[in-house]
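A.B. asks: Start counting the sequence shown at 1; every next residue gets the next number (the UniProt record's numbering).
Cβ coordinates follow ideal geometry from the N, Cα and C atoms, glycine included.
Keep in mind it's a predicted model, so treat the numbers as computed, not measured.
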Amino acid sequence: MTITMDDRIKGVAMSYFYPAKFWTIPLRFNIFCEKGNAQLNLTIVASLGPGTYINLYSGGEIKETLNQSFYRNVSRLLEGTMVSVELNSIAWNTVASIPNSSLFVRFEGVNIKSISQPKKSIVWIILLVSAIFIVIIIVIMLGAVYHMKRKKRYFEQLYDMLREMNLPPEEMEKLRRKTDQFRIENNKLHINFNSQLGQGSFSHVYKGHLIGPAPLHLITKSIETQRFCDCEVAVKVGANFGQNEVEQLFKEIEAMKTIGYHENIMGMLGWAMLDEKPCLVFDVAKMDLLKFVKEFRGKSIEGLPMMIKNFLSVLWQVAKGMQYISSKKMIHRDLAARNILLCESYTAKISDFGLCCTCDESSLAYQAVGRSKKLPIKWLSIEALVDRIFSEKSDVWSFGVLMYEMFSLGKVPYATMNNDDVLEFLQENDKRLECPENTPANAYDIMRMCWKKEPDERPCFGELVDLLYGMLETLSDEYAVAC
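1. Leaving out five residues before and five after Met306 in sequence, what residues of the same chain have Cβ atoms less than 6 angstroms from its Cβ?
2. Should Gln317 be labelled buried (16 or more other beta-carbon atoms within 10 Å of its own) or exposed?
3. Name the residue from Ile9, Ser15, Asp7 and Arg8 whose alpha carbon lies nearest to the alpha carbon of Met1.
4. Out of curiosity, what's the CA-to-CA distance linking Leu77 and Val83?
5. Mind listing, in chain order, the continuous alpha helix (DSSP H) runs of no fewer than 4 residues lying wholly within the stretch 190-236?
6. For Pro50, count neighbouring C-beta atoms within 10 Å of its own C-beta (all shown protein chains included) and say buried if the count is 16 or more, exposed if not.
7. Measuring straight from C-alpha to C-alpha, what distance separates Ile126 and Phe133?
8. Identify, in the order they occur along the chain, each residue of the same chain with its Cβ nearer than 7 angstroms to the Cβ of Tyr404, setting aside the five sequence neighbours on each side.
9. Check whether the stretch 335-354 touches the stretch 282-294, taking contact to mean three or more Cβ pairs, one atom from each stretch, closer than 8 angstroms.
10. Classify Gln317 as helix, strand or coil using the three-state DSSP reduction.
11. Have a look at Leu464 and Ala144 and give me their C-alpha separation to the nearest angstrom.
12. Going straight from the alpha carbon of Ser351 to that of Thr474, what length do you get?
13. What's the gap between the Cα of Asn37 and the Cα of Val12?
14. Is the distance from the Cβ of Phe182 to the Cβ of Pro213 below 7 angstroms?
15. Out of Lys299, Phe296 and Asn264, which one is the CA nearest neighbour of Ala285?
16. Sort out for me which residues DSSP pairs Val12 with in a bridge.
17. Is the stretch 272-281 in contact with the stretch 324-333, if contact means three or more CB pairs nearer than 8 angstroms?
18. Taking the alpha-carbon of Leu426 as reference, which of Asn438, Trp397 and Cys229 has the nearest alpha-carbon?
19. Using only the alpha-carbon positions, how far apart do Val313 and Leu142 sit?
20. Based on the DSSP secondary-structure assignment, which residues constitute the bridge partners of Cys279?
21. How long is the line joining the alpha carbons of Asn186 and Gly298, rounded to whole angstroms?
22. To which residues of the same chain is Ser116 closer than 6 angstroms at the C-beta, ignoring the five residues directly before and after it?
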């Protein structure tokens with residue numbers, strides 16, 4: 001007799017005509033577990049006649065033989081897919097029947113497939129989950145390795161730019177650490193690409209919002225930079241991640257590391273990576289100076305005194321900013337109206353330090369190597385055009401050209417000449433730009449001072465600050481017009 005079990009089973013089995021002690025054939029009953037191994041507890045009551053025994057089977061093998069004359073409530077624990085109890089005798093073939101033997105078995109079992117042989121479905125689920133987990137770990141590791149390699153390659157590009165900045169190795173390492181300090185996590189910067197503030201040859205400027213304090217404030221910890229927290233910002237996004245963008249990023253960071261904060265300098269609040277391109281984060285400006293001066297075209301003569309006063313105020317602020325930059329042994333090299341931004345209350349701020357450099361301590365000058373840089377030819381001094389020598393005095397020359405841009409209401413300097421003709425024009429009998437219409441005589445005098453051939457004969461920015469402040473103090477409706 002075979003009994004099939006599922007998850008659990010409980011019952012009894014007995015010899016024929018139990019408790020009568022008489023039978024004529026061997027007795028064997030099996031308990032079969034369909035879904036794997038079973039664990040069964042057997043309680044046996046038996047009375048065995050001469051030559052009679054009980055075999056207990058598990059998995060087709062005899063595990064134990066009982067051959068005493070009497071058993072009462074004997075417990076046995078067996079495991080297997082098939083458990084069998086057999087009552088037999090050595091005398092089956094010699095006698096017709098064996099009296100005085102009987103068997104009663106109480107059994108209780110449970111399927112232990114979850115312990116010894118899990119379901120295939122569970123096994124597959126475990127394997128699948130494990131495989132997915134391993135794949136996720138591998139993807140994360142590969143992503144981390146890829147990011148580290150890109151970052152390493154990124155900094156290698158940046159270090160190539162540093163070699164042209166005359167920085168010693170220890171300064172380069174400091175600058176690398178400073179770069180990380182100025183980094184803004186992407187989740188802290190929201191960029192509104194539907195609100196474009198400006199566009200240049202190699203970049204676009206969008207309105208953005210900074211969450212939390214700007215790195216500039218965390219580094220400088222000044223009262224003036226406290227407002228750069230949870231604020232609107234301008235985000236300058238490079239058109240591509242090439243040499244220009246890499247160099248500008250490092251130049252801006254180097255400038256901020258050296259300058260810190262000044263009210264007339266458009267400091268970089270921080271930088272972030274956007275689609276593997278660096279983007280620079282700045283304070284929001286109302287407009288650039290070139291656009292501002294062009295708005296005065298066609299205005300009546302009655303508004304001229306106020307225009308002159310506004311222009312002198314802006315120039316005085318720019319001179320203060322440049323005086324501070326020069327005090328830090330830095331050379332801007334791209335001082336022009338397009339790079340002066342006007343913020344609230346028409347506060348002028350010098351921007352775009354993409355061409356800036358530090359000057360040599362002994363000579364207070366910087367000589368560029370090679371001619372790979374795109375320099376603003378029409379704003380450069382004679383020594384910069386001829387020998388690529390830059391100093392505070394070459395920035396002073398550019399300041400004079402900036403004054404010309406303002407008082408000419410945005411005219412391009414040397415508008416009728418190409419770049420190759422500018423140097424020849426300047427060296428021919430010391431020719432210079434003409435005096436713009438309606439320019440105060442003392443303002444054009446300052447321009448001519450800035451354009452002296454010999455750098456030592458030009459004023460420094462500290463002197464220009466004093467000259468312009470004096471003009472502002474004495475300015476009235478009665479002023480001398482030179483042109």
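C.D. replies: On the basis of the supplied data:
1. none
2. Burial call: buried.
3. Answer by Cα proximity: Ser15.
4. Answer to the nearest angstrom: the Cα atoms are 10 angstroms apart.
5. 215-220
6. Pro50 is exposed by the Cβ-count criterion.
7. 10 angstroms
8. Pro413, Leu433, Pro436 and Met447
9. yes
10. Gln317 falls in the helix class under three-state DSSP.
11. 53 angstroms
12. 29 angstroms
13. 20 angstroms
14. Result no, Cβ atoms of Phe182 and Pro213 do not sit closer than 7 angstroms.
15. Asn264
16. Arg106
17. no
18. Trp397
19. Per the sequence shown, residue 313 should be read as Ser rather than Val. If you draw a straight line from the Cα of Ser313 to the Cα of Leu142, it is about 56 angstroms long.
20. Val237 and Ala272
21. 45 angstroms
22. In this prediction, Ser116 has a pLDDT of 47, which is less than 50 and means its spatial position is unreliable; nothing more can be read from the coordinates.
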